[in-house]
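Participant: Residue numbers (the working numbering), protein chains in the order written: chain A, 782 to 1098; chain B, 823 to 1151. Got a structure for you, written out below as structure tokens; questions coming shortly.
Below you can see the structure in the form of structure tokens.
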């Protein structure tokens, strides 16, 4: 198992190198850089010499491949550099932004599993029943509603009309737990909706596949009730592919976080990413994208390990 | 004759509400008796067994008939009461030992589960009994197997586990659906040997579904031959092998390889039944076997023959029973 984990981690290195290359050069393909922004916002005329001097200070005067080399060497030394805009270390800017994204993402994951797995199981056990129809309709709604629409509707009805939950912002759970939960609910539901749609479909397919197996017939032949057959004999087997999907959905959650955090004004990494791209804050964007890529790679590794725990047949790895 | 442990009368099963896969099937099994259900693949043997415990796949439905067990008609029982019979009074062994056990549950759990369910035993008691049952079906390294998973066992071992599971509640009837088809010959003999041993011990009634005539000869007390969903002959095993009455039964027996039956060239071509089993949607009217039967005539095309007695406890559904024997004389 340990050797497996090491091997998988090593396999992640080329992925991260590719990601770093892509984000680094993509950012520089965007028209305008931080200097253009500074100059355009300056109240006075800026001379060509001053612009050249600024470029030199930010290290943007060198050829792109040299910039990349400098950046990679920095990262390997454990230094993500300074933000172009606030001149604070990138790490210090990112760290406090992780918690809100993590909390909302986890809540979304929890919420969609809680809804989708039972609904998928019932849909599979009773095809064409009312539950199956609800599941199919929910999938349709969830898959076709963009985050900004769901978020906007929630804010309008739940916050503005009914006044039940705060429309925006974030409160740390260490400051005030109840308030923190109240601030998490709507972004989490927004984020969970499309995830739930995917998950219901996956769970239904997975359960109906498992329920076809001869050992399910054996379980019925033992005299077990339908509920017991599904829970005792189908659940674990059907969860295997669902766990895989859940792990791979981390990317979806993080990309959803970008829009959701903007809609709900949550100070998470999603919004930080948007702000930093707009502000051409290269060091932050590069560090964030690399971080997200590493998280997704780690999640797939975790999925494989969980898989090994769930399935005794794969424990030989 | 003792009272039958299981009695099936006029069972009809349809697929898609249109095709008759089992039609008007009747037979019974007495305690301690083994009845073999024989016939080609697709003749309705397995479907008949599954309909006894109402485990038919959703596309199939039993539309008529009665199945009596302990004076109750299983086909009329509510699901909750039927569940008390499944695995408890009537146990089933399936054809595929590879896939009939849950790959993610320990062997111990899968055996103990039945006893916890039907006898209300504690986990510890049920596991202890599961260990005993594995001993009875002669599984080596019982403690290790109890905590192990099906993929760690060979096909023969898995079928022993299935057998242990079936025996757990000392059922009155065991339905064995081709329990040895997927196993090699030496293992086959061990499994059927175990089955017979348990039968002697507990007086279990066994319905053995097979297309293996060797298995029939060794295990059956009585034989029920099915063709295209219908019973065509029923006879005590000796009588069946010596005087098969239905042309289809004779065909089945003739298609067995026989030692010392080589022709003058020293070569032997296995006899086969000409033609093919009719497709479900394409059953001929009258006797379903007539297109393949060398003795068929006008009446065979028009009407399914009634069941006539052709010997002691021996019935057949044929307009010309023993036609071949008469020809030979």
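Glycine included, C-beta positions come from ideal geometry on N, C-alpha and C.
Please list the terminal residues of the continuous beta strand (DSSP E) segment that includes residue 790 of chain A.
Facilitator: That residue, residue 790 of chain A, is in no beta strand (DSSP E); its alpha helix (DSSP H) goes 783-810.
Participant: Between B:1070, B:995, B:1069 and B:1094, which lies nearest to residue 1079 of chain B when the distance is taken from Cα to Cα?
Facilitator: Closest option to residue 1079 of chain B, Cα to Cα, is B:1094.
Participant: Quick check on residue 1122 of chain B: does DSSP put it in helix, strand or coil?
Facilitator: Looking at residue 1122 of chain B - three-state DSSP - the assignment turns out to be helix.
Participant: Just confirm the distance between the C-beta atoms of residue 1002 of chain B and residue 971 of chain B, as a whole number of angstroms; I'd bet it's less than 8 Å.
Facilitator: Not really, about 23 Å apart at Cβ, beyond 8 Å.
Participant: Distance, Cα to Cα, residue 769 of chain B vs residue 1137 of chain B?
Facilitator: The requested residue 769 of chain B is not part of the displayed model; chain B covers only 823 to 1151.
Participant: Relative to chain B, which residues along the stretch 1078-1097 of chain A have a C-beta separation below 9 Å, given in chain order?
Facilitator: Flagged, chain order: 1091, 1092, 1093 and 1094.
Participant: With a threshold of 7 Å (Cβ to nearest heavy atom), would residue 870 of chain B be considered close to the ligand MG?
Facilitator: Among the components modelled here there is no ligand, and therefore nothing to report on the ligand MG.
Participant: Output needed in chain order: residues of the stretch 906-933 of chain A with a Cβ under 9 Å from some Cβ in chain B.
Facilitator: Cβ contacts with chain B: 908.
Participant: Considering only residues of the same chain and omitting the five flanking positions on each side of residue 1031 of chain B, which have a CB-CB separation below 7 Å?
Facilitator: Closer than 7 Å at the Cβ level, and outside the excluded window around residue 1031 of chain B, lie 859, 867, 868, 871, 998, 999 and 1000.
Participant: Determine, using beta carbons only, whether residue 1027 of chain B and residue 1050 of chain B come nearer to each other than 8 Å.
Facilitator: In this structure, residue 1050 of chain B does not lie closer than 8 Å to residue 1027 of chain B by Cβ.
Participant: So that I know if they touch, is there some Cβ in chain A lying closer than 8 Å to that of residue 807 of chain B?
Facilitator: Nothing can be reported for residue 807 of chain B, as the shown portion of chain B is limited to 823 through 1151.
Participant: Just to confirm, is the Cβ distance from residue 843 of chain B to residue 833 of chain B under 8 Å?
Facilitator: In this structure, residue 833 of chain B does not lie closer than 8 Å to residue 843 of chain B by Cβ.
Participant: Which complete alpha helix (DSSP H) runs does the stretch 917-950 of chain B hold, if anything under 4 residues is left out?
Facilitator: Listed in chain order, the complete alpha helix (DSSP H) runs (minimum 4 residues) inside the stretch 917-950 of chain B are 929-940.
Participant: Could you compute how far the alpha carbon of residue 949 of chain A sits from the alpha carbon of residue 1046 of chain A?
Facilitator: Residue 949 of chain A and residue 1046 of chain A: Cα-Cα distance of roughly 5 Å.
Participant: Nearest by alpha-carbon distance to residue 920 of chain A: which of A:901, A:1012 and A:880 is it?
Facilitator: It is A:901.
Participant: Looking at the structure shown, is residue 910 of chain A part of a helix, part of a strand, or coil, going by DSSP?
Facilitator: Note: residue 910 of chain A maps to coil in three-state DSSP.
Participant: Using CA coordinates, which residue listed in B:1022, B:1113, B:916 and B:894 is at the minimum distance from residue 998 of chain A?
Facilitator: The option with the nearest alpha carbon to residue 998 of chain A is B:916.
Participant: State the DSSP-derived secondary structure class of residue 1017 of chain A, mapped to helix, strand or coil.
Facilitator: It is helical.
Participant: CA-CA distance, residue 1125 of chain B and residue 1053 of chain B?
Facilitator: Between residue 1125 of chain B and residue 1053 of chain B, the C-alpha separation is close to 15 Å.
Participant: Give the DSSP-derived three-state secondary structure of residue 1139 of chain B in the structure shown.
Facilitator: Here residue 1139 of chain B sits in coil by DSSP.
Participant: List the residues of chain A whose Cβ lies closer than 9 Å to the Cβ of residue 940 of chain B, in chain order.
Facilitator: Those within 9 Å of residue 940 of chain B in chain A are 1003 and 1004.
Participant: Answer yes or no: does any C-beta atom of chain B fall closer than 8 Å to that of residue 999 of chain A?
Facilitator: Interface residue, yes.
Participant: Could one say the Cβ of residue 995 of chain A lies closer than 8 Å to chain B's Cβ atoms, at least one of them?
Facilitator: Chain B, which has a Cβ nearer than 8 Å to the Cβ of residue 995 of chain A, makes this yes.
Participant: Contact check, residue 874 of chain A vs residue 867 of chain A under 8 Å by CB: the rounded distance?
Facilitator: Going by Cβ atoms, the distance from residue 874 of chain A to residue 867 of chain A rounds to 7 Å, so yes, they are a contact pair.
Participant: Let me check understanding here. Comparing Cα to Cα, which of A:1090, A:1010, A:820 and A:1071 lies closest to residue 794 of chain A?
Facilitator: Comparing Cα-Cα distances from residue 794 of chain A to each of A:1090, A:1010, A:820 and A:1071, the minimum goes to A:1071.
Participant: Provide the residue span of the alpha helix (DSSP H) that contains residue 964 of chain B, from first to last.
Facilitator: It spans 964-968 - the alpha helix (DSSP H) in which residue 964 of chain B sits, taken as one unbroken run.
Participant: Counting pairs of Cβ atoms below 8 Å between the stretch 882-898 of chain A and the stretch 948-966 of chain A, do you hit three or more?
Facilitator: The stretch 882-898 of chain A, when compared against the stretch 948-966 of chain A, does touch it at the 8 Å Cβ threshold.
Participant: So what's residue 887 of chain B in DSSP terms, helix, strand or just coil?
Facilitator: Looking at residue 887 of chain B - three-state DSSP - the assignment turns out to be strand.
Participant: If you reduce the DSSP assignment to three classes, tell me which class residue 832 of chain B lands in.
Facilitator: Residue 832 of chain B: strand per DSSP, three-state reduction.
Participant: Going along chain A, which residues have a C-beta under 7 Å from residue 935 of chain B?
Facilitator: Ordered by position in chain A, the residues that pass the 7 Å Cβ test against residue 935 of chain B are 1003.
Participant: Note the first and the last residue of the continuous alpha helix (DSSP H) segment covering residue 1071 of chain B.
Facilitator: Start and end: 1069-1076.
Participant: Secondary structure at residue 1129 of chain B, three-state DSSP: helix, strand or coil?
Facilitator: Coil at residue 1129 of chain B, not helix or strand.
Participant: Which value, in whole angstroms, describes the spacing of the CA atoms of residue 855 of chain A and residue 880 of chain A?
Facilitator: The alpha-carbon atoms of residue 855 of chain A and residue 880 of chain A are separated by roughly 25 Å.
Participant: Determine which residues of the stretch 976-1010 of chain B have a Cβ less than 8 Å from any Cβ of chain A, and write them out in chain order.
Facilitator: Result list: 984 and 987.
Participant: Per DSSP, residue 998 of chain B is paired with what?
Facilitator: DSSP, once it has assigned bridges, lists B:915 and B:1030 as partnering residue 998 of chain B.
Participant: How many whole angstroms separate the CB atoms of residue 1013 of chain B and residue 985 of chain B, which I take to be in contact at a CB cut-off of 8 Å?
Facilitator: Contact holds; Cβ gap of about 7 Å.
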